[in-house]
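In our numbering, the protein residues as written are 480 to 771.
Built from N, CA and C at the ideal position, the CB exists for glycine as well.
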Amino acid sequence: MEKKTGIGKAHSKIILMGEHSVVYGHPAIALPLKNIEVTCRITAGDETLKFDMTDPLATAIFAALEYLGQEDAQLTYLVDSQVPQRRGMGSSAAVAIAAIRAVFDYFDQDLTADLLENLVNQAEMIAHSNPSGLDAKTCLSDRPIKFIRNLGFASLTMNLDACLVIADTGIHGHTSEAVDKVRKSGQTALPLLKNLGELALEAEKAIEQADLQALGNAMSQAHGLLARLGVSCPEADHLVQVARSAGALGAKMSGGGLGGCIIALVKTSEEAERLIQKLKEEGAINTWTEKL
């Protein structure tokens, strides 16, 4: 049975702590951004879809159709995304989740959480070659996620009564280049990566204790280490400094780096609004606020 329109939604994510060090076995913490959404609509079309199998959206739709035995279905799709691409906010995972949900909704089929995650990870293999699964896991979760490579995922409880401001530098992130840059640094990078892992654990403890000052301090220290690794960029460094000068408890780049977003921790929505205005004045092309 087919509906007139199948609708699927998903939300974004951001890395709080653990960029790059996570590749070397240290923990990372990622947050769902529940107010930054993707919506996909599937409707009847005039012809069978032709797929570009290098496109994670197309791959997600194809994976869902293949599972349902509907590869020859005549469909069309429309995606409305608030999530910018290549900014470390899980755009490809969120789009894949929304698309798969829309296909299953169109055909009025049940979709279990495990099946959805499996199909999304298939699509993510196209987008990222060897994804950790962290983007998909966090975009599917309503709670923060802790991830350790080869050990897996755990949900965290967060109730900080604070706000996280996300600001877009306007520059595409270059995760693979940044990862390669760290790898080529060899032994000189290892102490910095170890320190980043320790700061992720400090951030986890601060979250458990609702200690905003400790969390902010860990964030700011992490940015300094990421900058020393060479994975930040002048625009991110500038926005981090602007945020800290404007009273943020802590601020850092987020994601793979060499572009992308920065994040800043503040206590109240009013402080978030004032900080957003300042960040926009200083070059941020877009901003969001997430309550923690």
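- Task: Counting only the same chain and skipping the five closest in sequence on each side, list residues whose C-beta sits under 6 Å from that of Ser570.
- Result: For Ser570, where only same-chain residues beyond five positions count, the Cβ hits under 6 Å are Val562, Gln564.
- Message: Going residue by residue through the stretch 657 to 735, where are the continuous alpha helix (DSSP H) segments of at least 4 residues, counting only ones entirely within it?
- Response: 669 to 687, 691 to 708, 713 to 724
- Item | Cβ pair count under 8 Å reaching 3, the stretch 586 to 604 against the stretch 681 to 688 | Because the criterion of three Cβ pairs below 8 Å is not met, the stretch 586 to 604 and the stretch 681 to 688 do not touch.
- Report all residues from its chain with a CB closer than 6 Å to the CB of Leu495; omit the five preceding and five following residues, and keep chain order. Ile508, Leu510
- Query: DSSP state of Val599, grouped into three classes?
  - Reply: In the displayed model, Val599 falls within a helix according to three-state DSSP.
- 6 Å Cβ shell around Ser500 - same chain, five flanking residues per side excluded: In the same chain as Ser500, and ignoring 5 residues on each side of it, the C-beta atoms closer than 6 Å to its own belong to Leu672, Leu675, Gly676, in chain order.
- Whole beta strand (DSSP E) elements within the stretch 499 to 528, 3-residue minimum: 507 to 527
- Query: For the alpha helix (DSSP H) that Ile755 lies in, which residues bound it at each end?
  - Reply: If you look at Ile755, you'll find it in the alpha helix (DSSP H) that goes 748 to 760.
- Query: Under three-state DSSP, which class holds Ile617?
  - Reply: Rather than Ile, the amino acid found at residue 617 in this sequence is Thr. Thr617: helix per DSSP, three-state reduction.
- Message: Buried or exposed, going by whether 16 or more other CB atoms sit within 10 Å of the CB of Lys529?
- Response: When all chains shown are included, Lys529 counts as exposed.
- Which of the three DSSP states, helix, strand or coil, is assigned to Leu554? Three-state result, Leu554: strand.
- Whole angstroms is fine: what's the gap from Ile576's alpha carbon to Ala543's? A straight line joining the alpha-carbon of Ile576 with that of Ala543 spans about 10 Å.
- Message: Is the separation between the beta-carbon of Leu678 and that of Gln700 shorter than 8 Å?
- Response: yes
- Query: CB Lys492 to CB Thr617, shorter than 8 Å?
  - Reply: yes
- Query: In this structure, does DSSP put Leu594 in helix, strand or coil?
  - Reply: helix
- Identify whether Thr648 lies in helix, strand or coil by the three-state DSSP scheme. coil
- Query: Hey, Val644 and Ile521 are a contact pair by Cβ (cut 8 Å); roughly how many whole angstroms apart?
  - Reply: With a Cβ gap of about 34 Å, Val644 and Ile521 do not count as contacting.
- Who are the near neighbours of Val721 in its chain, counting only those whose CB is closer than 7 Å to its CB and skipping five residues on each side? Taken in chain order, the residues that qualify are Lys757, Leu758, Glu761.
- Task: Mark Gly497 as exposed unless 16 or more other C-beta atoms lie within 10 angstroms of its C-beta, in which case mark it buried.
- Result: buried
- Simplified DSSP assignment, three categories, for Ala799: Since the first and last residues shown for the chain are 480 and 771, residue 799 lies out of range.
- Query: Between Glu603 and the rest of its own chain, which residues show a CB-CB distance below 8 Å, the 5 nearest in sequence each way excluded?
  - Reply: Taken in chain order, the residues that qualify are Pro535, Ser571, Ala572, Ala575, Pro610, Gly612, Asp614, Ala615.
- Query: Using DSSP with H/G/I as helix, E/B as strand and the rest coil, what is Ser611?
  - Reply: coil
- Pair every Cβ in the stretch 619 to 631 with every Cβ in the stretch 579 to 590, then say whether three or more of these pairs are closer than 8 Å. no
- C-beta atoms of Arg566 and Lys488 nearer than 8 Å: Their beta carbons are not under 8 Å apart, which means Arg566 does not touch Lys488 by this criterion.
- Task: Figure out for me which residue from Asn514, Gly738, Val745 has the closest Cα to the Cα of Thr648.
- Result: Comparing Cα-Cα distances from Thr648 to each of Asn514, Gly738, Val745, the minimum goes to Gly738.
- Could you tell me the distance, in whole angstroms, from the CA atom of Leu523 to the CA atom of Ile486? It is Ala, not Leu, that sits at residue 523 in the sequence shown. In a straight line, the C-alpha of Ala523 is about 13 Å away from that of Ile486.
- Item | Beta-carbon gap between Gly729 and Leu744 smaller than 8 Å | yes
- Item | Given Glu516 as reference, the closest of Asp559, Asp551, Leu554, Pro506 once Cα atoms are compared | Asp559
- Looking only at its own chain, which residues have a Cβ that is under 7 Å from the Cβ of Lys660, when we skip the five neighbours before and after it? Gly709, Val710
- Query: With distances taken from CA atoms, which of Glu526, Cys740, Leu694 is nearest Ile650?
  - Reply: Cys740
- Give the secondary structure of Phe583 by DSSP, where H, G and I count as helix, E and B as strand, and everything else as coil. helix
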